[in-house]
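Enquirer: Let me give you the structure first, and then I'll get to my questions.
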Amino acid sequence: MTVLKLELPSEITLDEAKLFLMIKLYEVGKLSLGQAASLAGYSKTAF
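Numbers in the working numbering are just positions in the sequence shown, counted from 1, shifted up by 4.
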């Protein structure tokens, strides 16, 4: 697994950034629903 280090504005939480990234990676077909949900910390149903 690759590690990514980002500097985010204080208005954006780590959880929000993870969720947005996983949504986009799922949207463009880079991750399956299960992978994206798991990496974002959600169940498939909640994701």
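We put the beta carbon where it would ideally sit given N, CA and C, even for glycine. Because the structure is a prediction, the values reported are computed rather than measured.
Mind checking whether A50 and L23 have CB atoms under 8 Å apart?
Expert: no
Enquirer: Can you give me the Cβ contacts of L35 inside the same chain, cut-off strictly under 6 Å, excluding the 5 residues immediately before and after it?
Expert: L29
Enquirer: Considering only residues of the same chain and omitting the five flanking positions on each side of A40, which have a CB-CB separation below 8 Å?
Expert: M26, I27, L29, Y30, F51
Enquirer: Taking the alpha helix (DSSP H) that E11 falls in, what are its first and last residues?
Expert: Unbroken run through E11: none, as it is neither H nor E.
Enquirer: Classify A50 as helix, strand or coil using the three-state DSSP reduction.
Expert: Under the three-state reduction of DSSP output, A50 falls in the coil class, being neither helix nor strand.
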